[in-house]
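K.L.:
Questions regarding the structure given below will be posed in turn.
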Amino acid sequence: MAIALPFLIALALVIFVLSNIVFFMWAEFKISGRVADRFGPMETGRWHGWAQPLADILKFLNKEDIIPANADKLIFRVAPFVGFIPVVMVLAAIPYTNKIFVRDFDIAVFFVIALSSFTFVSMVMGGWASGNKYSLLGAFRAAGMLLSYELPLGLAIAGVVMLSATLSLIGIVQQQTVWNIVLQPIGFLVFMVAMQAELQRSPFDLAVAESELVAGYSVEYSGMRYAMFQLGEFFGLWALASMAVLLFLGGWHGPYLPGIVWFFIKFYGIFLFLAFSRVSVPRVRPDQLMDLGWKILLPSALVNIVITATLIVLVPHYQVPLAVSEFVILIAALYLMRRVLK
Amino acid sequence: MSGQLLAFWALSFVILSGALYIVMTKNIMHAVFMHLLTMSMIAAVYGLLHADFMAAMQVLIYAGAVTAMVVFALMLTKSQSRPDGAGIAVDNQQRGASFLTAAGFLAVVIYVLVPQKWAVHEAAPVVKSDVAAMGAIIFKSYILPFEVISVILLAALIGVIVLARKED
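Respectively, the protein sequence lines represent chains X and U.
Just remember that the working numbering sits 8 ahead of the position in the first sequence, which is counted from 1.
Just remember that the working numbering sits 399 ahead of the position in the second sequence, which is counted from 1.
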């Protein structure tokens, strides 16, 4: 029994996350439907089509697993797992409150960032091994994109790590008497944009762009293997949205309600933001994507690091000057950007 | 034999055979993906030694960034390997010279390494990996080498930009 306990906990965690993912899928159907002035699914399961994601999953399980004739068979088969397994491993590092967590990693932040870099490899593997031009184009778009957005994502987190002087996610949350979003508004903005690119969600879904590349790296996939790519994306969403909550929004801190409730209120806030930005912003072109990544996000993240580091070293009580200077620079930058873009 | 040692031997087998596959295969994309596997397994060895930070860095830099770089290089050059199995010629006229070089290097390695007495511990010492201590060492005791490295990297970066913009 004592040996089986960790496995039971892991199983319970994965089932909990999976049931949330089923809810994500339904919520996204409904939100994108309402935004487009439709109802979204209404029939399956009678009440507002609540069973639609379950029906989709059953459909994936029943479909034939097709492997194209000129595919690299082994790599084609392995690719979905290369992306999926590391993203599930990330769940081990995410704390929900200071009591409910799997393991308090010393280097949790690095652990999450390092494992999420496997997503791109699985896309390149799948896209290249399919032996299809559209897949290959999608794969290389994914490679270029993740390479340019991993950097701002990591640098945005670096500011938070400097403030809390620890890489443990529990430690970072315990340090936040003031939420880090107040001290690091630039870092938070960069993180939120880079996160959407990292998750390959619209407006950054260039690698799967249905209207240009059919479905990018996943054109040739069907059945369960295709579902693995999709599920991996949702697990990645779980991981990065939790990271946003833990790093910038004070994790489980909040008045009156228990910590776990606060965590999920903030978590679903981030989820709603992602769902709305998916349906309200058009897809960017590849060159716009590179411009945004290298000319705006990366310099912003570097400016954020320089300001944070300078104030931590020079000023004894750096919280107020840091928050003020970050906000002033952010507003000035946004104003200038509007002027330039006009 | 402890489980740790068993895991170490299993990982070593995968790492060495993976490394051999990388240099022997004719399909360059297979080499890239096997490189990823080998690097991840080396990260696992670091994990086995309780060097969590090193393991994460290994995954982030070698499995993530270096693989991405190689994929990019292949994308920009005219790679001839395709999923249908067509490979590239990995042979040329330099067989004899390269064999002599490799054999000489192997001889030096054997000459240096074989007489050494290697201490084999049954279990790795359990030291808590301390990232704060590591940071303090790098940014206090070894700040000068660290800065020299950053200047060299900056010089390389500027050099690449200058070379790439030559046509203006």
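Quick reminder that beta carbons are idealized off the backbone N, C-alpha and C, glycines included.
Against chain U, does X/M133 count as a neighbour if the rule is that its beta carbon must be under 8 Å from one of theirs?
P.N.:
Yes, contact with chain U.
K.L.:
Does chain X have any CB closer than 8 Å to the CB of U/D483?
P.N.:
Low confidence applies to U/D483: its pLDDT is 49, below 50, so where it sits in the model is not reliable, and the reading given next is rough at best. At least one chain X Cβ lies under 8 Å of U/D483.
K.L.:
Using the beta-carbon count (16 or more within 10 Å), is U/I542 buried or exposed?
P.N.:
By the neighbour-count rule (16 or more Cβ atoms within 10 Å), U/I542 is not buried but exposed.
K.L.:
At least one CB of chain U closer than 8 Å to the CB of X/L123: is that the case?
P.N.:
Cβ-Cβ to chain U under 8 Å: yes for X/L123.
K.L.:
At the level of alpha carbons, what is the spacing between X/G162 and U/S411?
P.N.:
Distance between the alpha carbons of X/G162 and U/S411: 31 Å.
K.L.:
Specify the secondary structure class of U/H434 as computed by DSSP and reduced to three states.
P.N.:
Helix at U/H434.
K.L.:
Starting from the C-beta of X/M203, find all residues in its chain whose C-beta is less than 6 Å away, skip the five residues before and the five after it, and write them out in chain order.
P.N.:
Excluding sequence neighbours, X/M203 sits near L248.
K.L.:
Could you name the residues of chain U that X/I93 contacts, counting a contact when the two beta carbons are closer than 9 Å?
P.N.:
Within 9 Å Cβ-Cβ: nothing; X/I93 doesn't reach chain U, min ~11 Å.
K.L.:
Helix, strand or coil for U/G484? Go by DSSP, reduced to three states.
P.N.:
Confidence at U/G484 is low in this model, with a pLDDT of 49, below 50, so the placement of that residue should be treated as unreliable; the coordinate-derived value is given next. In the structure shown, U/G484 sits in coil (DSSP, three-state: anything other than H, G, I, E or B).
K.L.:
If you measure from the beta carbon of X/W136 to each beta carbon in chain U, is any gap under 8 Å?
P.N.:
Answer yes: the Cβ-Cβ gap between X/W136 and chain U drops below 8 Å somewhere.
K.L.:
Under 8 Å, Cβ to Cβ, is there at least one residue of chain X near U/M533?
P.N.:
It does not; no Cβ of chain X falls within 8 Å.
K.L.:
Starting from the C-beta of X/S226, find all residues in its chain whose C-beta is less than 7 Å away, skip the five residues before and the five after it, and write them out in chain order.
P.N.:
Hits under 7 Å: G134, V216, Y234 and F237.
K.L.:
Any idea what DSSP makes of X/M50, helix, strand or coil?
P.N.:
Reduced to three states, the DSSP call for X/M50 is coil.
K.L.:
How about X/A178 and X/N70: are their beta carbons less than 8 Å apart?
P.N.:
Sequence inspection shows Ile at residue 178 of chain X; the Ala mentioned does not correspond to that position. No; because the gap between Cβ atoms is not below 8 Å, this pair is not in contact.
K.L.:
Counting C-beta neighbours from all protein chains within 10 Å, is the total for X/F47 16 or more, i.e. buried, or is it exposed?
P.N.:
Per the 10 Å Cβ criterion, exposed.
K.L.:
According to the neighbour-count rule (16 or more other Cβ atoms, all chains shown, within 10 Å of its Cβ), is X/A44 buried or exposed?
P.N.:
Exposed, since its Cβ has fewer than 16 Cβ neighbours within 10 Å.
K.L.:
Can you tell me whether DSSP reads X/L175 as helix, strand or coil?
P.N.:
In the structure shown, X/L175 sits in coil (DSSP, three-state: anything other than H, G, I, E or B).
K.L.:
Among X/I29, X/M251 and X/F24, which residue has its Cα nearest to the Cα of X/E2?
P.N.:
Residue 2 of chain X lies beyond the stretch modelled for chain X, which goes from 9 to 350, so this question has no answer here.
K.L.:
Quick one: which chain X residues come within Cβ less than 7 Å of U/V530?
P.N.:
Result: D114, I115 and L175.
K.L.:
Would X/M251 be called buried (16 or more neighbouring beta carbons within 10 Å of its own) or exposed?
P.N.:
Per the 10 Å Cβ criterion, buried.
K.L.:
Roughly how many whole angstroms lie between the Cα atoms of U/A531 and X/R346?
P.N.:
So the two alpha carbons sit approximately 41 Å from each other.
K.L.:
Taking 8 Å as the CB-CB cut-off, is X/F119 touching chain U?
P.N.:
Closer than 8 Å to some Cβ of chain U, the Cβ of X/F119 qualifies, so yes.
K.L.:
Closer than 8 Å by beta-carbon distance: list the chain X residues that pair up with U/L448, in chain order.
P.N.:
Per Cβ cutoff of 8 Å: no residues; U/L448 is ~14 Å from chain X at best.
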